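Novice:
Residue numbers (the working numbering): 1113 to 1354.
1) Going by DSSP, what residues sit across from residue 1371 in a beta bridge?
2) I'd like to know whether the C-beta atoms of residue 1256 and residue 1313 end up nearer to each other than 9 Å.
3) State the CB to CB distance for the pair residue 1272 and residue 1225, rounded to an integer number of angstroms; the pair is presumed to be in contact (CB under 8 Å).
4) Would you call residue 1250 buried or exposed, if buried means 16 or more other Cβ atoms sit within 10 Å of its Cβ?
5) If residue 1148 sits next to residue 1291, beta carbons under 8 Å apart, how far is it from one beta carbon to the other, in whole angstroms?
6) Please classify residue 1163: does DSSP put it in a helix, a strand, or coil?
7) In angstroms, rounded to a whole number, what distance separates the CA positions of residue 1324 and residue 1196?
8) Quick check: what's the CA-CA separation for residue 1218 versus residue 1167?
9) What's the C-alpha gap between residue 1207 and residue 1146?
10) Leaving out five residues before and five after residue 1262 in sequence, what residues of the same chain have Cβ atoms less than 8 Å from its Cβ?
11) For a test of the three-state rule: what should DSSP assign to residue 1302, helix, strand or coil?
12) Of all the options 1131, 1282 and 1200, which has the alpha carbon lying nearest to the alpha carbon of residue 1159?
13) For a quick check, are the C-beta atoms of residue 1220 and residue 1193 less than 9 Å apart?
14) Note down the Cα distance separating residue 1121 from residue 1241, rounded to an integer number of angstroms.
15) Under 6 Å Cβ to Cβ from residue 1154, same chain only, skipping five residues before and after it: list those, please.
16) Pick from 1275, 1330, 1162 and 1231: whose alpha carbon is nearest that of residue 1289?
17) Looking at residue 1071: is its Cβ nearer than 9 Å to the Cβ of residue 1204?
18) Mind checking which residues open and close the beta strand (DSSP E) that includes residue 1328?
19) Please give the ranges of any beta strand (DSSP E) in the stretch 1216-1281, keeping only runs that are unbroken, at least 3 residues long and fully inside the region.
20) Sorted by chain position, which residues of the same chain lie with C-beta nearer than 6 Å to residue 1337's C-beta, five sequence neighbours on each side aside?
21) Return helix, strand or coil for residue 1212, following the three-state DSSP convention.
22) Would you give the residue range spanned by the beta strand (DSSP E) that residue 1143 belongs to?
And the structure:
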């Protein structure tokens, strides 16, 4: 009830949220050091029980959604169903493969973009026989996996590839790094928010990078996320472009 109330307070529709009497809400225990770096222990709880039937009910409410986002904390079959459901509805499918799970090539091929950090990118590349480690090498190794690929680089921003074209967006220096928890989620959520408005991927990445940089200057995860006005001001002030 507390989680749903928090989502509702932010204007998020919650009628598709499923309640499972046999599992607790997914939770994470997070430790943060003096540099703002974090260690996370996750109990998937009900997330691990999200099945295709649950998803079908949710997809029925999102038939007009321009973007469908999923990530790796739910079963692989559910991710696959989300990908195919989005494609059938004409929605853009965004996959944040965090954590990395084994998915069929045809599911990864529907992602536009596939969003991963450096460690996740290396894991996906390794599963395809590549020993790439450097960001540019990883981008090259993953270029043919999905329709587009975004690799986040923390304070250094992000890089991307689509149709053989690569580009980068800058990081925005944080005044002070207080807590990096949830910065990746902030990036992906902000990216999808701007894609939903019709922005091109490079512009959406700039906005997402700004949002993530603001989030690390505050403690906590969702509670650290900036407002639209705060993100817009930072992007304009910095004059950043892809």
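Backbone N, C-alpha and C fix where the C-beta goes; we use that ideal spot for every residue, glycine too.
Just so you know, these numbers come straight off a predicted model, no measurement behind them.
Specialist: Quick answer:
1) Outside the displayed span of the chain (1113 to 1354) sits residue 1371, for which this structure offers no information.
2) no
3) 7 Å
4) buried
5) 5 Å
6) coil
7) 29 Å
8) 19 Å
9) 31 Å
10) 1225, 1226, 1227, 1228, 1270, 1271, 1272, 1303, 1313 and 1317
11) helix
12) 1131
13) no
14) 45 Å
15) 1140
16) 1330
17) Look at the range of the chain in this structure, 1113 to 1354, and you will see that residue 1071 is not part of it.
18) Counting along the chain, residue 1328 falls outside any beta strand (DSSP E), and DSSP gives it neither H nor E.
19) 1226-1229, 1260-1264, 1270-1274 and 1277-1281
20) 1298 and 1327
21) coil
22) 1139-1144
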